[in-house]
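Just so it is clear: in the sequence shown, position 230 is 238 by the working numbering, and no numbers are missing.
In this text, a Cβ means the ideal position worked out from N, Cα and C, and glycines have one as well.
Shown next, in structure tokens, is the structure this report addresses.
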Amino acid sequence: MAINNQKLKLLYLVKIFTEDTDDQHALTLPQIVDKLHAYGVNAERKTLYQDFELLRDFGVDIIGVQMQRSYYYHIGNRDFELPELKLLVDSVQSAKFITDKKSNALIRKLEGMVSKYEARQLQRQVIISGRVKAMNESIYFNVDKLHEAIGTGSQIKFKYFQWNLKKEMELRKGGAWYQVSPWGLMWDDENYYLVGYDAEDEKIKHYRVDKMLRISLVNKKREGKEQFKAFNMPRYTKSLFGMYGGEEIQVTLEAENGMVGVLIDRFGKDMPVKKVDETHFRTIVNVAVSNQFLGWIMALGKGVRIIGPDSVVRRMKEEIQQISRMYEDG
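So, in structure tokens, the structure goes:
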């Protein structure tokens, strides 16, 4: 390669230090000269000392350490330390909403923030039992478009799909457009949701972002400001949102003491706890009483039961009877 990249000398030095050095791997001046030469850059010892000082003044943490008769140089502090990047890689790999393809692309970018030696340590395989990764690659563009709409106070329209028995995308509402006023993005059960106001139904609704298609901004100011003034996002997530919608009411639960952690994980530490006897307690929670909520209570077995109101107790009994009939012989 011809010596024709002198103007890029400092940039190539940063590249060399970033990719080829870390706390355990350093380079001597002759090695640095050879690597620069491979990029078409001529370098001398005297000018390299000056270059190192310029880079230090700019904020690049170049460290020189004498070992025997030679000086070894490596980069010190980086924007992200290796343990921090390991956490990010684990998060990317385990996140349900990130597709396998995008996970690999993001991890490759993270590897570029450390040396080639440390990058090998980022090639980790996080074991997530039963994890199903998202299949809709457009979620990243969806999130960006939704942030744009929220930031500009615009309404949006989109198509919404569900999976059919052929494992194909099937548009809901016969392919009709949904039009809502977006007010926020929420993260629940490892999925992104849009929370918005549906003017036609005059209510706040939520939508899975990875099931939204062809999102576009509508030249119309968003609505629902008054409704969202009284809207409690954390409470919505904790009590109503996690149970898939429905009218929110107060439900009294009686549970074994050992189940308190399960209920706190679902409803938060503000949940009241009143002792019943030495082994049981009662609490009152705000929930949307849906089949999903009833199923969640059933899954807890004998550890938790609904005490009131009577309408919810009756509904639970009816649901149990219906399920029981499904499994009767004949």
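In this structure, His214 keeps its C-beta atom at 8 Å or more from the C-beta atom of Tyr200. Contact between Leu154 and Val217 holds: CB atoms are separated by about 7 Å, below the 8 Å threshold. No residue range can be given for Phe239, since it is assigned to no beta strand (DSSP E) and is classified by DSSP as neither H nor E.
If you check the CB distance, Lys15 and Leu44 do not come in under 8 Å. Taking Arg77 as the centre and dropping the five residues before and after it, the same chain places no C-beta closer than 7 Å to its C-beta.
Scanning the segment 108-196 for uninterrupted alpha helix (DSSP H) segments of 4 residues or longer gives 108-119, 124-130 and 147-160, listed from N- to C-terminal end.
Secondary structure note for Tyr57: its alpha helix (DSSP H) is the uninterrupted segment Arg53 to Phe66. DSSP, reduced to helix, strand and coil, places Asn265 within a helical segment of the structure shown.
By the Cβ criterion, the segment 263-279 is not in contact with the segment 222-230, since fewer than three pairs of Cβ atoms, one from each stretch, lie closer than 8 Å. Spanning the alpha carbons of Ala296 and Glu326 requires a straight line of approximately 17 Å.
Rounded to the nearest whole angstrom, the CA to CA distance from Arg274 to Ile305 is 12 Å.
The residue among Gly183, Lys211, Met177 and Arg180 with its C-alpha nearest the C-alpha of Pro190 is Lys211. For Ile40, the uninterrupted alpha helix (DSSP H) segment begins and ends at Leu37 to Ala46.
In the DSSP assignment, Arg323 falls within the unbroken alpha helix (DSSP H) covering Asp318 to Met334. Ranked by Cα distance from Asp31, the options Tyr125, Gly182 and Arg222 are led by Tyr125.
Boundaries of the alpha helix (DSSP H) harbouring Leu95: Leu90 to Ser102, taken from the DSSP string. DSSP places Val22 in no beta strand (DSSP E) but in the uninterrupted alpha helix (DSSP H) bounded by Lys17 to Asp28. About 16 Å separates the beta carbons of Ile106 and Leu130, which is beyond the 8 Å limit, so they are not a contact pair.
By the CB criterion at 8 Å, Val188 and Tyr168 fall outside the cutoff. Under the DSSP assignment, Gln300 falls outside any beta strand (DSSP E), being part of the alpha helix (DSSP H) whose first and last residues are Asn299 to Ala307.
Beta-bridge annotation (DSSP): Ala296 is paired with Glu256. With contacts defined as CB atoms closer than 8 Å, Asn299 and Gln258 fail to qualify as a contacting pair. With contacts defined as CB atoms closer than 8 Å, Leu35 and Thr26 fail to qualify as a contacting pair.
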